[in-house]
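2 protein chains.
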Amino acid sequence: MSKEIDQLSAALARLPGLGPRSARRAVLWLVKNRESALPALLESLAIVSETLVECSICGNVDTTDPCQICADPRRDPRALCVVEDVADVWALDRAKLFRGRYHVLGGRLSALDGVGPEDLNIAKLLDRVGAKEEGGGIDEVVLAMNATLEGQTTAHYLAERLEPYGVRITQLAHGLPVGGELDYLDEGTLAQALRARRPMG
Amino acid sequence: MSKEIDQLSAALARLPGLGPRSARRAVLWLVKNRESALPALLESLAIVSETLVECSICGNVDTTDPCQICADPRRDPRALCVVEDVADVWALDRAKLFRGRYHVLGGRLSALDGVGPEDLNIAKLLDRVGAKEEGGGIDEVVLAMNATLEGQTTAHYLAERLEPYGVRITQLAHGLPVGGELDYLDEGTLAQALRARRPMG
């Protein structure tokens, strides 16, 4: 095998869900389908690689700025769902249950990992919620943190910070398995948790 | 999720070992690692896509023609290993046991799939073996077909066609599990099968 094929194999092996052996099989499959599948994958990857950008409003990653969700006029501008990660936006949005917009923190508070409030996308969240006073009009903030200790700590911290703004603050209903991460849940569980969301406190 | 990201997800989901869900996780991982891993993958893929070529000697696919194996002067020019597929070259060569060169048939005889001798890379194989008379010097042809019915039928057919050339014709030792495909075997089994190879007939 040539150096170039080895390097592709190594690059693919870094993807989650692929190990060295399955990456080799993937490369081989690409080699076999080099006239049909390889150009398509290359093109998709190039387009995404060139256009990927962080949304300046919510922190989601998309190929446009603002992202498709922030730019969608059919979205309810009064509801905001705060999540830890881009993965969580995708997971919730796949379930097609929440019709408001999102805000991505980019992590969670963690004493262990040395992540404090200043490391998260919180200032912009407060700006967005605060814009209510000038008619921005956010009525409800759903704190959709993971059901982990750090996620819940983050939710409580945010609830405290958001309290002065007088918006309705809710969190996902329990129904999430304890210790579970949002991004791994089936849509049924996500639906139940979102429907039964309840006031923070 | 934008159309572009969806398309990348779909392109990745076609890879063996990845389904729609794991492809989405892979895309997300690429999105998260868009500064480190994404450009590396893109570059590897582009290089391979541009340089991939079928070796005009043996039918292997590599980034050079002749392929690295055919071009390697340390390889024994007197031993030739005939395999069904490019995958088999890679599998055998990873085991680092065979120091000769390869010949890729590009399939196996199959009445069911309507694959006849004229559909396989056989004429070139006979040319290579026949070149012996002009000093090309192939002494042994190892028929390393899969241990399937069609693989073994192909091996017998090739043994018959090669008989007039007066070379030693061997096949991989049994030790391969019946019905097993070469590309899936561990190197230990491959090693045993290659070491115990025996005359065809």
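Residue numbers (the working numbering), protein chains in the order written: chain A, 6 to 206; chain B, 6 to 206.
Ideal placement from N, C-alpha and C gives every residue a C-beta, glycine not left out.
- Closest in alpha carbon position to G64(B), among A92(B), E9(B), P25(B), is A92(B).
- Taking one beta carbon from each stretch, the segment 12–31 of chain B and the segment 119–133 of chain A have fewer than 3 pairs nearer than 8 Å; the two do not touch.
- With respect to the 8 Å criterion, L85(B) and S54(A) are not classified as neighbours on the basis of their beta carbons.
- The alpha-carbon separation between R166(B) and L114(B) amounts to approximately 14 Å.
- The DSSP-derived three-state label of P44(B) is helix.
- At a cut-off of 8 Å between beta carbons, P21(A) contacts chain B.
- Interface with chain A (8 Å Cβ-Cβ cutoff): I52(B) is included.
- DSSP, read as helix, strand or coil, puts L125(A) in coil.
- Proximity of A128(A) to chain B, defined by a Cβ-Cβ separation below 8 Å, is not satisfied.
- When C-alpha distances from V183(B) are compared across A196(B), N151(B), R202(B), Y162(B), the shortest belongs to N151(B).
- When Cβ-Cβ separations below 8 Å define contact, D67(A) makes contact with chain B.
- Secondary structure note for T175(B): its beta strand (DSSP E) is the uninterrupted segment 173–176.
- By the CB criterion at 8 Å, R99(A) and D81(A) fall outside the cutoff.
- Around the C-beta of E123(A), fewer than 16 other C-beta atoms lie within 10 Å, and the residue is accordingly described as exposed.
- Annotated three-state conformation of V88(B) is strand, per DSSP.
- According to DSSP, S115(B) shares a beta bridge with V120(B).
- Contact residues of the segment 29–54 of chain B toward chain A are R29, R30, A31, V32, L33, W34, L35, V36, K37, N38, R39, A42, L43, P44, A45, L46, L47, E48, S49, L50, A51, I52, V53, S54 (C-beta to C-beta distance below 9 Å).
- Looking at the DSSP output, E55(B) bridges to nothing.
- Contact of S115(B) with chain A is not assigned, every C-beta pair being separated by 8 Å or more.
- Residues of chain B whose Cβ lies closer than 7 Å to the Cβ of S7(A) are, in chain order, D67, T68, T69, Q73.
- Proximity of chain A to V91(B) at the Cβ level (cut-off 9 Å) is accounted for by L33, V36, K37, in chain order.
- Against L131(B), chain A offers no close residue; the least beta-carbon distance is about 25 Å (beta-carbon pairs closer than 8 Å).
- Chain-order list of chain A residues neighbouring T56(B): S7, E9, by C-beta distance under 9 Å.
- CA-to-CA, the gap between R79(A) and V87(A) works out to about 19 Å.
- Secondary structure remark: continuous beta strand (DSSP E) runs of at least 3 residues inside the segment 145–198 of chain A, in chain order: 145–148, 173–176.
- At least one beta carbon of chain A lies nearer than 8 Å to the beta carbon of A16(B).
- At a cut-off of 8 Å between C-beta atoms, S61(B) does not count as an interface residue with respect to chain A.
- Interface criterion met: the Cβ of L13(B) is under 8 Å from a Cβ in chain A.
- Relative to T194(B), the option among L177(B), R203(B), V147(B), D144(B) whose CA is nearest is L177(B).
- Between L102(B) and N126(B), the C-beta gap is not smaller than 8 Å, which leaves the two residues out of contact.
- Between S49(A) and A51(B) a beta carbon distance of about 13 Å is seen, past the 8 Å cut, so the two are scored as non-contacting.
- DSSP, reduced to helix, strand and coil, places P82(A) outside both helices and strands of the structure shown, so it counts as coil.
- Per DSSP, the continuous alpha helix (DSSP H) segment holding R26(B) begins and ends at 25–37.
- Excluding residues up to 5 positions away in sequence, L177, A178, G180, L181 lie with their Cβ nearer than 7 Å to the Cβ of A198(B) in the same chain.
- At the C-beta level, T159(A) and R202(A) stay beyond 8 Å of one another.
- Secondary structure note for R106(A): its beta strand (DSSP E) is the uninterrupted segment 106–109.
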